[in-house]
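Contents: one structure, followed by commentary.
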Amino acid sequence: MTTPLLATAVCCLAALLIAEKCGSVTGKLIFKPLLSALFIYAALLQLKPVPAYATALLVGLCLSWIGDLLLIFKSKSLFLAGLCAFLLGHLCYAAAFYGIGTLGLGTAAGLIVLLLPAIIVFRWLQPHLGKMSGPVMGYILVISVMVGGALSVFGAADLPTGFRWSVLSGAIVFYLSDIFVARDTFIRSEYSNRLIGLPLYYLGQFLFAFSIGSAGI
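First residue of the sequence shown? That's 1 in my numbering, and the numbers climb one at a time after it.
As structure tokens, this is what we get:
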């Protein structure tokens, strides 16, 4: 089932990138929700999940689906609503990761280190944010906390190696994808942002989805 699902996802991603290139709202309305639904479906297919981890992660994936739909439309109010959906999604991911990871000096040090890119990204965006400074600052902090949660998973030596790498890799590429979203939204809207950002985003989400099946192995 995994191979056909991923093949379908790649085809949907290609179609979505074409729609983005052509500026087709109809294409985006078809392929973006469909592609995002596939990472939810991938999560549901996973065998022997750890219940609390799987539930929190699945809620986060569903909130991301809502955020993806809202961000299709070029509206400040819908963008803010989409930002809130993703923020809540990251809180769910963080709850999943911290709930199964190891909290210690390594995680604390990781969170402190994550302040540096958070400050750099915010300072880069700040001149272009206007009234969105507060929400964007909050979002950057929350996604940094989420990545910190992934570090807590990676530092848990008792968890499966593949699972730990899947979570950490997913968190990092998700973080990077959001930098391209921010650049496209606030600094310069151009196709290259979506061409790079969308594959990174979906790679991160699918890594999270498939991690459900390896958390307890």
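We put the CB at the ideal spot given by N, CA and C, even for glycine. Model, not experiment: these values are computed from the prediction.
Would you check if the stretch 144-154 and the stretch 73-93 touch, i.e. whether three or more CB-CB distances between them fall below 8 Å?
They touch, by the three-pair rule.
The alpha helix (DSSP H) spanning Lys76 covers which residue range?
As a working note, residue 76 is residue 76 in the sequence shown. Per DSSP, Lys76 belongs to the alpha helix (DSSP H) from 76-100.
How close, in whole Å, do the beta carbons of Gly60 and Ala96 come, if the pair is a contact with beta carbons under 8 Å?
One-based indexing of the sequence shown puts residue 60 at position 60. One-based indexing of the sequence shown puts residue 96 at position 96. Right, their Cβ atoms sit about 7 Å apart.
Got a sec, what are the start and stop residues for the alpha helix (DSSP H) Gln46 sits in?
Residue 46 sits at position 46 when you count from the first residue of the sequence shown. Where Gln46 is concerned, there is no enclosing alpha helix (DSSP H), given that its DSSP letter is neither H nor E.
Between the stretch 119-127 and the stretch 47-66, can you find at least three pairs of beta-carbon atoms closer than 8 Å?
The stretch 47-66 is not in contact with the stretch 119-127.
With a threshold of 8 Å on Cβ separation, who are the neighbours of Ile72 within its own chain once the five nearest residues in sequence on each side are excluded?
Sequence index remark: in the sequence shown, residue 72 carries index 72 (1-based). Cβ neighbours of Ile72 beyond the five flanking positions: Val25, Lys28, Leu29, Lys32.
Touching or not, the stretch 198-211 and the stretch 35-46, by the rule of three or more beta carbon pairs under 8 Å?
As far as the Cβ criterion goes, the stretch 198-211 touches the stretch 35-46, which means the pair count is three or higher.
List the endpoints of the continuous alpha helix (DSSP H) containing Ala185.
Along the sequence shown, one-based indexing puts residue 185 at 185. A quick correction: the sequence has Thr, not Ala, at residue 185. First-last for Thr185: undefined, no H or E at that position.
Check Gly213 in the structure and name its three-state DSSP category.
Numbered from 1 along the sequence shown, position 213 holds the residue referred to as residue 213. Of the three classes helix, strand and coil, the one that applies to Gly213 here is coil, per DSSP.
Assuming Leu83 and Pro135 make a contact with CB atoms under 8 Å, what is their CB distance in whole Å?
One-based indexing of the sequence shown puts residue 83 at position 83. One-based indexing of the sequence shown puts residue 135 at position 135. 6 Å between Cβ atoms; contact.
Does the distance from the C-beta atom of Ile100 to that of Tyr175 stay below 7 Å?
What you label residue 100 is simply residue 100 of the sequence shown in a count that begins at 1. What you label residue 175 is simply residue 175 of the sequence shown in a count that begins at 1. No, the pair does not count as a contact, with Cβ atoms beyond the cut-off.
Name the two residues that bound the continuous alpha helix (DSSP H) containing Pro127.
One-based indexing of the sequence shown puts residue 127 at position 127. It is not in any alpha helix (DSSP H) - Pro127 carries neither H nor E in the DSSP assignment.
Using beta-carbon positions only, say whether Leu38 and Ala56 come within less than 7 Å of one another.
Within the sequence shown, the letter at position 38 stands for residue 38. Within the sequence shown, the letter at position 56 stands for residue 56. No, the pair does not count as a contact, with Cβ atoms beyond the cut-off.
What residue range does the alpha helix (DSSP H) around Ala7 cover?
As a working mapping, residue 7 is identified with position 7 in the sequence shown. That run of the alpha helix (DSSP H) goes 2-22.
Should Leu34 and Cys12 be called a contact, given that it needs their Cβ atoms to be closer than 7 Å?
Numbered from 1 along the sequence shown, position 34 holds the residue referred to as residue 34. Numbered from 1 along the sequence shown, position 12 holds the residue referred to as residue 12. In contact: Leu34 and Cys12 (Cβ atoms closer than 7 Å).
Does the stretch 109-118 come into contact with the stretch 148-158, if we say contact requires no fewer than three beta-carbon pairs (one atom in each stretch) closer than 8 Å?
Because the criterion of three Cβ pairs below 8 Å is met, the stretch 109-118 and the stretch 148-158 touch.
Which of helix, strand or coil does DSSP assign to Ile72?
Translated into the one-based positions of the sequence shown, residue 72 becomes position 72. Here Ile72 sits in coil by DSSP.
Is the CB-CB distance between Val167 and Ser211 below 7 Å?
Within the sequence shown, numbered from 1, the residue matching residue 167 stands at position 167. Within the sequence shown, numbered from 1, the residue matching residue 211 stands at position 211. Closer than 7 Å, so yes.
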